[in-house]
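Asker: Counting from 825, one number per residue, gives the positions in the sequence shown under my numbering. First the structure, which I've put down as structure tokens, then a few questions once you've had a look.
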Amino acid sequence: MTDIKSLFDYEIENLITDNGFQKFRAKQIVQWLQKNVTEFSQMTNLPKQLISFLEENCYISMAKIERKLESKLDETVKYLFSFNDGECVESVVMKYHHGYSICISTQVGCKMGCTFCATGKSGYSRDLTASEMLSQIESAQRDLGVRISNIVLMGMGEPLDNYDNVVRFLKLVSSENSLNIGMRHITLSTCGVVPKIYELADLGLQITLSVSLHAPTDEVRSTTMPINKAYNISELLKACRYYINKTNRRISFEYAMIDSVNDTDECAKILSQKLSGMLCHVNLIPVNSVKGTGYVKSKLERQQAFIDILSQKGVTATVRRTLGSDINASCGQLKRNYKEGGI
Ligand code: SAH
Ligand code: SF4
């Protein structure tokens, strides 16, 4: 069965003309899909034969709301969505002064096994299709009655471990016939799948690349992020420089601060040396404590010490504002609770 919402317009056109239907029907199908129909029989201006053909060969993927949590502290909303096969992922919508932003998932689970991450602890089931990424945004927009203007691929999963579907999604979501969200309003976060950073750089998309660094040395990083054993920090930073040269875009480095693990002055100094002179920004995030990790977030004074030491080398850093802290807005945790029968 073909996932019709993951197809580009010209692919829908090829699919139906190859099967003897007229080309202009493709446009009608695209228009119905934009209206979020859930069944082909709702496409009332199509001939019966075409509807039967679509029903036999294609399906319309959807993201159904299983759970919805709304923050009382801010307007953050967290969803647990299920797909046609029953698999679930999380998405989080946040309101900023410039509009609504959504954090979407790219895989059901993740293979990367970072020790601080709720998703990493839950294992991996499957990749999401491009349409399943789109559907998270469409369902949230419909439910909230708002237009979402920014997307971050920072939910469950490693986007560059699902490269083809993610690139397809980026092209679809930014096209005029779809949600028309420009590449400059999209951020992709990766734990550092180096060969795919090169591939992405060569595509020259104007998205923001966010790299989860979380440690300044291989010694520390390999203990928290297994990917570091495959691609170490120096290889990762080389790929980042290549990305910056190719795209002229500033990279964001994510750094989850964990008490006594990666938050010493020494760590800050090494980090500042490695990032000095690079077109980048560091986002410091006090680590969210996840059951079973034993990690504790760094104290406020450590966060400030990091900012000061980095700025001495001209590296800008800010502490990321925490939204939705009462609903565990960081991804992976809702699904874990749901599966364990907690909510
Ligand atoms: N797999 C990608 C994107 C999803 S994770 C990646 O790793 O970048 C999104 C972000 O949340 C990453 O920066 C990740 O390192 C961070 N993260 C995961 N668990 C966290 C936790 N417990 N506290 C703070 N940040 C966390
Ligand atoms: Fe996967 Fe990212 Fe979590 Fe690591 S931090 S386990 S790469 S989702």
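Glycine included, C-beta positions come from ideal geometry on N, C-alpha and C. Only a predicted model underlies this, so the values are computations on that prediction, with no experimental measurement involved.
Could you round the C-beta distance between P1110 and M1081 to whole angstroms and report it? I think they count as a contact, below 8 angstroms.
Answerer: Rounded, the Cβ-Cβ distance is 6 angstroms, consistent with contact.
Asker: Where does D985 sit, in a helix, a strand or coil, going by DSSP?
Answerer: Helix at D985.
Asker: Grab me the residues of I875's own chain with a C-beta within less than 8 angstroms of its C-beta, minus the 5 sequence neighbours each way, in chain order.
Answerer: Same-chain partners within the cutoff: F864, S865 and M867.
Asker: Can you find the residues in the same chain that come closer than 7 angstroms, C-beta to C-beta, to C1015, ignoring five residues on each side of it along the sequence?
Answerer: For C1015, where only same-chain residues beyond five positions count, the Cβ hits under 7 angstroms are M936, C938, E982, S1036, M1049 and I1051.
Asker: Any heavy atom of the ligand SF4 closer than 7 angstroms to the beta-carbon of S885?
Answerer: False, no ligand heavy atom lies under 7 angstroms from that Cβ.
Asker: Which one of F845, A850, G844 and Q846 has the shortest CA to CA distance from I828?
Answerer: Nearest C-alpha to I828: A850.
Asker: In this structure, how does DSSP classify M1007 when only helix, strand and coil are distinguished?
Answerer: The answer is helix: DSSP assigns M1007 an H, G or I state.
Asker: Apart from the five residues just before and just after E894, which ones in its own chain have a Cβ nearer than 6 angstroms to its Cβ?
Answerer: These residues qualify, in order along the chain: V901.
Asker: Report the rounded CA-to-CA distance for R891 versus N908, giving the unit in angstroms.
Answerer: Rounded to whole angstroms, R891 to N908 spans 16 angstroms at the Cα level.
Asker: Can you check which of these residues, I1094, E956, E1090 and S1084, is closest to K1123 by C-alpha distance?
Answerer: Of the listed residues, the one whose Cα sits closest to K1123 is S1084.
Asker: In chain order, what residues of the same chain lie with their CB nearer than 7 angstroms to the CB of S830, ignoring the 5 residues before and after it?
Answerer: For S830, where only same-chain residues beyond five positions count, the Cβ hits under 7 angstroms are T953, A954, S955 and R992.
Asker: As an exercise, report each continuous alpha helix (DSSP H) stretch of at least 4 residues that is fully enclosed by the segment 918-994, in chain order.
Answerer: The qualifying runs are 942-945 and 954-968.
Asker: From T841 to K847, what distance separates their C-alpha atoms?
Answerer: Spanning the two alpha carbons is a distance of roughly 6 angstroms.
Asker: Considering only residues of the segment 1024-1078, which uninterrupted alpha helix (DSSP H) runs meet the minimum length of 4 residues and lie entirely inside it, listed in chain order?
Answerer: Entirely contained in the segment 1024-1078, the alpha helix (DSSP H) runs reaching 4 residues are, in chain order, 1042-1048, 1051-1054 and 1057-1071.
Asker: Exposed or buried, S1100, counting other C-beta atoms within 10 Å across all chains shown (16 or more means buried)?
Answerer: The residue is exposed, with fewer than 16 neighbouring Cβ atoms inside 10 Å.
Asker: Please report the residue range of the beta strand (DSSP E) in which E894 lies.
Answerer: Here the beta strand (DSSP E) through E894 covers K888 to E894.
Asker: Give me, in chain order, the residues of the same chain whose beta-carbon lies closer than 6 angstroms to that of I1151; leave out the 5 immediate sequence neighbours on both sides.
Answerer: These residues qualify, in order along the chain: L893, S895 and K902.
Asker: Say yes only if the C-beta of Q925 is nearer than 7 angstroms to one or more non-hydrogen atoms of the ligand SAH, and no if none qualify.
Answerer: It is worth fixing the name first, because residue 925 is Ser in this sequence and not Gln. No.
Asker: If you drop the 5 nearest sequence neighbours on each side, which residues of the same chain put their C-beta closer than 7 angstroms to that of D833?
Answerer: Result list for D833: A850, V854 and N1001, in chain order.
Asker: Straight-line CA distance for I972 to I926?
Answerer: Cα-Cα distance, rounded: 7 angstroms.
Asker: For a test of your reading of the model: does the CB of F848 fall under 7 angstroms from any non-hydrogen atom of the ligand SAH? Yes or no.
Answerer: No.
Asker: Just verifying my parser: in three-state terms, what is the DSSP assignment at L839?
Answerer: Here L839 sits in helix by DSSP.
Asker: According to DSSP, is F832 helix, strand or coil?
Answerer: Reduced to three states, the DSSP call for F832 is coil.
Asker: Mind checking whether the beta-carbon of M936 lies closer than 7 angstroms to any heavy atom of the ligand SF4?
Answerer: Yes, Cβ of M936 sits closer than 7 angstroms to a heavy atom of the ligand SF4.
Asker: So the beta strand (DSSP E) L905 belongs to, where does it begin and stop?
Answerer: A quick correction: the sequence has Phe, not Leu, at residue 905. V901 to S906 is the extent of the beta strand (DSSP E) around F905.
Asker: The ligand SF4 heavy atoms versus the CB of E911: any closer than 7 angstroms?
Answerer: No, since every heavy atom of the ligand SF4 falls outside the 7 angstroms radius drawn around the Cβ of E911.
Asker: Applying the criterion that 16 or more other CB atoms from any shown protein chain within 10 Å of the CB defines a buried residue, is E962 buried or exposed?
Answerer: Classification for E962: buried.
Asker: By the three-class DSSP mapping on this structure, what secondary structure does I1167 have?
Answerer: At I1167 the pLDDT is 36, less than 50, meaning the model places this residue with poor confidence and gives no usable figure here.
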